[in-house]
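Chains as they are written, first to last, in our numbering: chain U, 41 to 458; chain Y, 9 to 369; chain R, 22 to 240; chain C, 2 to 102.
Below you'll find the structure, written out as structure tokens, and then a few comments.
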Amino acid sequence: MSASLQKGLNALREVMDAPIASFFSSCVHCGMCADACLFFTETHDPKYTPIHKLEPLRRLWKRDYTLFGRLGKLLGLSKPLSDEELAQWSPLVYDSCTLCGRCSLACPVGNDITYMVRKMREGMSVAGHAPEGMISATKRTIEIGSPMGVKLPALQAQIRAQEKETGLTIPIDVQGADYMAVLSSMEIINFPEYLGALAKIFHKAGVSWTLSSEAFEATNSGIQIGASDIAREIVLRIVTAAEKLRVKHVISPECGHAFTALRWEGPNLIGRPYHFSVVHILELLDELRSAGKLKTVGKEDKPLTFHDPCQLVRRGGVVQQPRTLLGDVATDFREMSDPGILNWCCGGGGGVSANERADELRLTAFKRKKTQLDELGVHTMVTACANCRIMLEDGLEHYNMNVSVVGLTELIANHLEE
Amino acid sequence: MADETLLDVLTKRGISRRAFLKFCAAATSLMALPPSMASAVAEALMQARRPSVIWLSFQECTGCTESLTRSHSPTLESLIFDAISLDYHETLIAAAGSAAEAARENAMKEAYGKYLLLVDGSVSTKDGGIYSTVAGKTNLETLKEAAAGAAAIVAVGTCSSFGGLPHANPNPTGAVPVSDIIKNKPIINVPGCPPIPVVITGVLTYYLTFGTLPELDDLGRPKAFYGESIHDRCYRRPFYDQGKFAKSFDDEGARNGWCLFELGCKGPITHNACATTKWNQGTSFPIQSGHGCLGCSEPNFWDAGSFYQALSTPIQPVTAALGIGVAAAAAAGIGVALANRSTKADAKAHHQTVTTNDLEK
Amino acid sequence: MDAMQLLLWARGPALGIAFAIFLFGMLLRLFEIYSLGRNKDLAPPRSHSPGSGWRTVVMRSFSAKSMLKASMLTYVTGYTFHIGFFVVLLFLLPHIELIRSITGLHWPALPTPFIDLIAVASIIALIVALISRVMNPVKRFLSGFGDYLAWAVTLLPLLTGYLAYHHLLLDYTRMLAMHILSVELLLVVIPFTKLTHMATLFIARWYNGDWFARKGVAS
Amino acid sequence: MATGEESTIDLSRLPFGPGDHALLVKTLGEGEVQAQLNTLGATRVHETAIAGVWWVTHCNADDEVMVEFIEITRCPAIMLTPQDDLQEGVEALRTRLLNAE
Numbered sequence: 041m042s043a044s045l046q047k048g049l050n051a052l053r054e055v056m057d058a059p060i061a062s063f064f065s066s067c068v069h070c071g072m073c074a075d076a077c078l079f080f081t082e083t084h085d086p087k088y089t090p091i092h093k094l095e096p097l098r099r100l101w102k103r104d105y106t107l108f109g110r111l112g113k114l115l116g117l118s119k120p121l122s123d124e125e126l127a128q129w130s131p132l133v134y135d136s137c138t139l140c141g142r143c144s145l146a147c148p149v150g151n152d153i154t155y156m157v158r159k160m161r162e163g164m165s166v167a168g169h170a171p172e173g174m175i176s177a178t179k180r181t182i183e184i185g186s187p188m189g190v191k192l193p194a195l196q197a198q199i200r201a202q203e204k205e206t207g208l209t210i211p212i213d214v215q216g217a218d219y220m221a222v223l224s225s226m227e228i229i230n231f232p233e234y235l236g237a238l239a240k241i242f243h244k245a246g247v248s249w250t251l252s253s254e255a256f257e258a259t260n261s262g263i264q265i266g267a268s269d270i271a272r273e274i275v276l277r278i279v280t281a282a283e284k285l286r287v288k289h290v291i292s293p294e295c296g297h298a299f300t301a302l303r304w305e306g307p308n309l310i311g312r313p314y315h316f317s318v319v320h321i322l323e324l325l326d327e328l329r330s331a332g333k334l335k336t337v338g339k340e341d342k343p344l345t346f347h348d349p350c351q352l353v354r355r356g357g358v359v360q361q362p363r364t365l366l367g368d369v370a371t372d373f374r375e376m377s378d379p380g381i382l383n384w385c386c387g388g389g390g391g392v393s394a395n396e397r398a399d400e401l402r403l404t405a406f407k408r409k410k411t412q413l414d415e416l417g418v419h420t421m422v423t424a425c426a427n428c429r430i431m432l433e434d435g436l437e438h439y440n441m442n443v444s445v446v447g448l449t450e451l452i453a454n455h456l457e458e
Numbered sequence: 009m010a011d012e013t014l015l016d017v018l019t020k021r022g023i024s025r026r027a028f029l030k031f032c033a034a035a036t037s038l039m040a041l042p043p044s045m046a047s048a049v050a051e052a053l054m055q056a057r058r059p060s061v062i063w064l065s066f067q068e069c070t071g072c073t074e075s076l077t078r079s080h081s082p083t084l085e086s087l088i089f090d091a092i093s094l095d096y097h098e099t100l101i102a103a104a105g106s107a108a109e110a111a112r113e114n115a116m117k118e119a120y121g122k123y124l125l126l127v128d129g130s131v132s133t134k135d136g137g138i139y140s141t142v143a144g145k146t147n148l149e150t151l152k153e154a155a156a157g158a159a160a161i162v163a164v165g166t167c168s169s170f171g172g173l174p175h176a177n178p179n180p181t182g183a184v185p186v187s188d189i190i191k192n193k194p195i196i197n198v199p200g201c202p203p204i205p206v207v208i209t210g211v212l213t214y215y216l217t218f219g220t221l222p223e224l225d226d227l228g229r230p231k232a233f234y235g236e237s238i239h240d241r242c243y244r245r246p247f248y249d250q251g252k253f254a255k256s257f258d259d260e261g262a263r264n265g266w267c268l269f270e271l272g273c274k275g276p277i278t279h280n281a282c283a284t285t286k287w288n289q290g291t292s293f294p295i296q297s298g299h300g301c302l303g304c305s306e307p308n309f310w311d312a313g314s315f316y317q318a319l320s321t322p323i324q325p326v327t328a329a330l331g332i333g334v335a336a337a338a339a340a341g342i343g344v345a346l347a348n349r350s351t352k353a354d355a356k357a358h359h360q361t362v363t364t365n366d367l368e369k
Numbered sequence: 022m023d024a025m026q027l028l029l030w031a032r033g034p035a036l037g038i039a040f041a042i043f044l045f046g047m048l049l050r051l052f053e054i055y056s057l058g059r060n061k062d063l064a065p066p067r068s069h070s071p072g073s074g075w076r077t078v079v080m081r082s083f084s085a086k087s088m089l090k091a092s093m094l095t096y097v098t099g100y101t102f103h104i105g106f107f108v109v110l111l112f113l114l115p116h117i118e119l120i121r122s123i124t125g126l127h128w129p130a131l132p133t134p135f136i137d138l139i140a141v142a143s144i145i146a147l148i149v150a151l152i153s154r155v156m157n158p159v160k161r162f163l164s165g166f167g168d169y170l171a172w173a174v175t176l177l178p179l180l181t182g183y184l185a186y187h188h189l190l191l192d193y194t195r196m197l198a199m200h201i202l203s204v205e206l207l208l209v210v211i212p213f214t215k216l217t218h219m220a221t222l223f224i225a226r227w228y229n230g231d232w233f234a235r236k237g238v239a240s
Numbered sequence: 002m003a004t005g006e007e008s009t010i011d012l013s014r015l016p017f018g019p020g021d022h023a024l025l026v027k028t029l030g031e032g033e034v035q036a037q038l039n040t041l042g043a044t045r046v047h048e049t050a051i052a053g054v055w056w057v058t059h060c061n062a063d064d065e066v067m068v069e070f071i072e073i074t075r076c077p078a079i080m081l082t083p084q085d086d087l088q089e090g091v092e093a094l095r096t097r098l099l100n101a102e
């Protein structure tokens with residue numbers, strides 16, 4: 041139990057870099073990031089203005105990394121960061137930020153505020169100001185292997201169940217397979233059908249794939265809480281297992297931050313590129329489809345829409361694939377307002393779902409999604425992130441809206457040709 | 009001679025009343041007063057005393073004297089000229105040497121306290137004003153001495169008004185305007201390099217007619233002639249307003265009489281009557297002849313940047329200052345860069361691998 | 022200190038000092054930024070991407086429709102002010118002459134009455150921006166002394182320039198001196214306030230755009 | 002007109018551009034009356050084409066134009082015989098008649 045303000049400040053000094061300095065030099069306090077952030081638009085509370093969430097980091101940059109800031113420090117003109125201040129900022133940096141990236145897209149001077157929140161969490165976490173829920177989820181991931189405490193036997197039970205269901209064998213620890221799949225624990229527990237869908241699709245498409253008993257957990261609460269050392273340890277499990285099995289690709293599942301952790305942050309966390317490529321399940325499905333290996337039959341007749349998971353679409357670049365895939369299986373596909381890279385968050389990403397302290401705020405923020413859905417009048421909402429699904433279902437239930445939520449991979453699997 | 013009224017002089021010369029009326033009308037215009045003032049001018053001229061005038065020339069180029077004398081050879085103004093008794097003027101006086109000095113002493117003694125002292129040229133003050141000495145006496149002394157008995161002083165030309173060319177950087181002789189030395193006498197500044205002849209006579213006529221100073225601006229210049237800027241009364245102003253500028257001295261714009269701002273005209277900040285009274289009996293003035301105004305009736309116009317650079321440009325090149333800025337930035341920049349790198353390296357060094365135990369206090 | 026001396030000081034030494042401090046402050050900030058460096062991104066970027074750092078440097082000036090709707094007033098006042106300010110600065114002949122005397126570059130000017138109109142629009146936009154900064158809860162919450170100082174030193178040159186051109190309030194010599202001094206005040210204040218954004222925003226946009234582009238998103 | 006108020010415009014106070022002066026002369030044109038006074042040099046007076054608008058040009062001994070006025074009046078003051086000259090005129094006439102034969 042050795043978190044301390046000293047460690048926190050040291051971490052903040054360590055993560056400071058040219059981009060952050062350029063961002064703090066450019067912010068003109070125009071307030072547009074607030075207009076882009078659902079935590080402000082749904083609460084109208086100015087303290088949720090994204091750039092304001094970085095005030096302590098800005099003060100540290102000013103004091104420690106600018107000439108006149110340093111002079112001010114010598115002359116005692118500026119107050120140092122206090123532990124109370126970091127404590128006060130914890131709800132802003134964690135509860136009211138899902139790292140969705142919308143503010144970074146809106147900022148007229150181009151400040152990547154999401155990047156800075158991610159960096160500020162490096163200091164907040166070791167200063168002991170991460171939310172309780174996220175700390176315990178991180179501990180479970182490190183000690184047990186998954187934020188929801190899923191161990192190998194639980195996975196094996198699900199594998200047997202899905203093998204019975206689909207009549208197909210789900211390969212595990214197959215040396216030299218082309219693809220290695222990893223799953224988010226939410227998929228293992230809440231949406232086991234995803235695993236069955238994989239089996240069916242890969243069987244149909246003749247894809248050589250495997251799971252790994254040593255690394256089946258895709259989520260990475262390390263990057264959500266903002267502790268890169270912990271994130272490294274988590275992502276290294278997947279890398280070691282994949283390189284041991286000598287697979288060519290690792291499939292990132294229907295989980296937002298898992299894709300960001302594995303695809304974009306992983307190599308920088310472990311300090312080297314992988315010996316395999318990372319592909320999101322939707323990217324793979326899209327490849328199989330264009331290779332003619334993913335024939336589907338029949339279409340959903342009821343009106344449906346697609347909720348873009350932020351980490352996958354805006355922060356991941358997988359924008360067109362879901363639309364192409366949905367085109368095959370839906371007759372009445374209606375885009376939400378602000379679709380694609382301008383999407384509005386489900387309110388639960390970036391660790392907010394694991395943070396009970398943020399529940400009430402999250403449900404308030406969900407009104408943005410409610411407004412979008414009310415405008416659309418759809419029956420089903422398809423998405424591609426297990427955490428989004430849970431958060432959307434939770435929100436829809438809270439506002440008793442009868443819109444059903446389904447995963448895109450599952451949907452595709454249901455429409456496979458026999 | 010000095011106590012006769014002007015009217016005595018005129019009647020002695022057998023001037024008719026119509027002639028006197030014509031004279032007053034001309035004088036009113038000369039003084040840039042509204043024509044309706046002609047009767048008031050006539051009133052004043054009736055009892056105007058003929059003041060004695062002493063003209064002292066110090067560090068000057070005789071341009072002002074030439075401006076006043078040459079251009080008004082035997083004309084109506086000469087009458088005014090005759091009306092004042094110019095008792096001493098170094099260039100014009102026939103006498104020379106000690107006789108000239110005696111003439112000046114005599115003039116000052118005779119009309120002590122009543123004569124009008126005209127000065128052209130700035131006064132050297134460095135090392136006691138030794139750099140401009142006439143007959144063993146520095147201009148500084150001569151000025152103080154002459155000013156003591158003067159009723160009023162008229163500084164003719166930018167040199168005596170504001171220091172002019174001798175005062176320009178580096179000002180080796182410590183040249184200063186008259187107003188820097190004489191503090192206890194009313195001074196009328198009639199700047200210009202040289203001033204417009206009509207303006208000099210206008211100011212003299214005003215003093216001769218009303219015996220008081222005309223209304224002066226904050227630089228001691230008669231508002232009648234220096235109240236408005238050249239730019240305000242310039243006939244090319246519409247072109248300035250429309251943004252039509254001559255690019256070179258003989259391009260299409262210049263031939264069309266467009267505004268000369270781009271060619272360095274300082275009209276906007278120069279107060280003088282050139283645009284209305286004009287030069288050489290209303291023939292023309294610098295801008296009308298196609299050359300920008302130099303701003304010659306303003307203080308320090310010699311040091312106000314090139315005559316051919318626009319008013320909006322810096323007076324001296326800023327490259328030196330830019331250099332200093334860059335050099336200082338490099339020095340401070342490298343310093344803070346090293347400090348930043350060491351702070352960051354230091355933080356990296358103190359990094360202890362974070363485990364789940366480090367997440368709580 | 023009469024008007025002429027004030028003008029001569031403003032057009033002379035003061036301009037040099039102001040430029041020196043401005044350049045010093047801005048270059049210093051560039052040193053402060055780039056000295057911190059940045060980790061190389063080891064994650065392989067997407068093979069082809071619609072975006073790039075340079076694209077964002079330009080395109081981020083243009084808003085996405087929904088962002089425009091969300092902060093319409095900020096955008097409109099922002100566009101009006103910035104476009105107005107730079108048109109006045111770069112297309113009024115006296116300013117072109119100033120730039121020519123320092124850099125040697127020059128280009129045709131726009132008609133002065135047109136510039137005058139744009140200056141008025143720019144001033145109005147700035148005033149509306151101030152009202153918005155005070156009335157809008159987010160902006161007021163974010164704003165401190167620096168914001169209002171930056172606003173004031175930005176407005177003054179436009180205001181004094183307008184008054185000088187129209188020969189209002191003070192006589193031209195004094196008002197022109199005020200105009201030039203207000204520009205010098207702006208230059209001196211820039212490196213120590215958010216006005217550094219005039220240079221650093223391009224750096225920031227490049228970084229932001231590059232990250233998005235590596236992931237295949239045009240921002 | 003109503004008050005019979007007269008006014009004079011001093012042309013040398015106006016910022017004439019090249020050609021403006023000639024334009025003014027052409028525009029006002031010539032009227033019926035032309036007069037010349039010989040006092041301290043010539044003074045030429047003429048009524049312009051617009052009745053009541055008189056052009057008065059005072060020249061010096063060298064016939065250089067000293068000052069020009071446009072007078073809005075029934076008759077420029079300079080033309081009228083000064084009151085005092087009338088008295089003097091009576092004696093002058095008497096003596097001239099006496100010596101006439």
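Each residue gets a CB set at the ideal place from its N, CA and C atoms; glycine is no exception.
On a predicted model such as this, the values are computed, not experimentally measured, just so you know.
Subject >> Where Y:ALA339 falls, given that 16 or more other Cβ within 10 Å makes a residue buried >> reply: Position 331 of the second sequence holds residue 339 of chain Y. The residue is exposed, with fewer than 16 neighbouring Cβ atoms inside 10 Å.
**OP:** Note down the Cα distance separating Y:THR217 from Y:ARG112, rounded to an integer number of angstroms.
**Re:** By one-based count along the second sequence, residue 217 of chain Y stands at place 209. By one-based count along the second sequence, residue 112 of chain Y stands at place 104. So the two alpha carbons sit approximately 24 Å from each other.
Subject >> Identity of the residue in Y:SER237, Y:LYS122 and Y:PRO294 nearest R:HIS188 by Cα >> reply: Residue mapping note: residue 188 of chain R aligns to position 167 of the third sequence, counting from 1. The shortest C-alpha separation from R:HIS188 is found at Y:SER237.
**OP:** Mark U:GLN198 as exposed unless 16 or more other C-beta atoms lie within 10 angstroms of its C-beta, in which case mark it buried.
**Re:** Counted from its first residue, the first sequence places residue 198 of chain U at position 158. U:GLN198 is buried by the Cβ-count criterion.
**OP:** From the DSSP output, in three-state form, read off C:THR74 for me.
**Re:** Residue mapping note: residue 74 of chain C aligns to position 73 of the fourth sequence, counting from 1. Of the three classes helix, strand and coil, the one that applies to C:THR74 here is coil, per DSSP.
Original post:
Between the beta-carbon of Y:ALA160 and the beta-carbon of Y:PRO194, is there less than 7 Å?
Top reply: Here residue 160 of chain Y refers to the residue found at position 152 of the second sequence. Here residue 194 of chain Y refers to the residue found at position 186 of the second sequence. When the beta-carbon positions are compared, Y:ALA160 and Y:PRO194 come within less than 7 Å of each other.
**OP:** Compare the C-beta of C:ILE79 against all C-beta atoms of chain Y and say whether one is closer than 7 Å.
**Re:** Against the fourth sequence, residue 79 of chain C aligns to sequence position 78. Interface residue, yes.
**OP:** Compute the Euclidean distance between the alpha carbons of R:LEU177 and R:SER143, then round it to the nearest angstrom.
**Re:** In the third sequence, residue 177 of chain R corresponds to position 156, counting from 1. In the third sequence, residue 143 of chain R corresponds to position 122, counting from 1. It is roughly 12 Å from the alpha-carbon of R:LEU177 to the alpha-carbon of R:SER143.
Original post:
Given a threshold of 16 other Cβ atoms within 10 Å of its Cβ, counted over all protein chains shown, does U:THR449 qualify as buried or as exposed?
Top reply: Taking the first sequence and counting its residues from 1, the one referred to as residue 449 of chain U is at position 409. U:THR449 should be labelled buried.
**OP:** Leaving out five residues on either side along the sequence, give the residues of the same chain with a beta carbon under 8 Å from the beta carbon of Y:GLY251.
**Re:** Working through the second sequence from its first residue, we reach residue 251 of chain Y at position 243. Excluding its 5 nearest sequence neighbours in each direction, Y:GLY251 has no C-beta neighbour in its own chain below 8 Å.
Original post:
In three-state DSSP terms, what is U:LEU459?
Top reply: Given a span of 41 to 458 for chain U in the structure shown, any question on residue 459 of chain U remains unanswerable.
**OP:** Could you spell out the range, first to last residue, of the alpha helix (DSSP H) harbouring U:LEU436?
**Re:** On the first sequence, position 396 is the one that residue 436 of chain U refers to. Per DSSP, U:LEU436 belongs to the alpha helix (DSSP H) from 426–438.
Original post:
So, is the C-beta of C:THR44 closer than 7 Å to a C-beta in chain Y?
Top reply: Here residue 44 of chain C refers to the residue found at position 43 of the fourth sequence. With 7 Å as the cut-off, C:THR44 counts as an interface residue toward chain Y.
Subject >> Residue closest to U:TYR234, alpha-carbon to alpha-carbon, out of U:ALA146, U:GLU457 and U:ALA453 >> reply: The residue given as residue 234 of chain U occupies position 194 in the first sequence. Answer by Cα proximity: U:ALA453.
Subject >> Where Y:GLN317 falls: helix, strand or coil (DSSP) >> reply: Counting from 1 along the second sequence, the entry for residue 317 of chain Y is found at position 309. Y:GLN317 falls in the coil class under three-state DSSP.
**OP:** Please report the residue range of the alpha helix (DSSP H) in which U:ILE175 lies.
**Re:** Sequence index remark: in the first sequence, residue 175 of chain U carries index 135 (1-based). It spans 172–183 - the alpha helix (DSSP H) in which U:ILE175 sits, taken as one unbroken run.
**OP:** Taking only beta carbons into account, state which residues of the region 284–310 of chain Y come closer than 7 Å to chain C, listed in chain order.
**Re:** THR284, THR285, GLN289, GLY290 and GLN296
**OP:** Step through the CB atoms of chain C and report whether any lies within less than 7 Å of the CB of Y:SER37.
**Re:** Along the second sequence, read from residue 1 onward, the residue named residue 37 of chain Y stands at position 29. Interface flag for Y:SER37 against chain C is set, since a Cβ pair is found closer than 7 Å.
Original post:
Can the beta-carbon of R:ARG226 be found less than 7 Å from the beta-carbon of U:ALA58?
Top reply: In the third sequence, the residue the question calls residue 226 of chain R occupies position 205. In the first sequence, the residue the question calls residue 58 of chain U occupies position 18. No, the pair does not count as a contact, with Cβ atoms beyond the cut-off.
Original post:
Going along the region 90–120 of chain U in order, which residues come within less than 8 Å of chain Y, judged by CB to CB distance?
Top reply: ASP104, TYR105, THR106, LEU107 and ARG110
Subject >> As assigned by DSSP and simplified to three states, the class of Y:ALA254 >> reply: Working through the second sequence from its first residue, we reach residue 254 of chain Y at position 246. Coil at Y:ALA254, not helix or strand.
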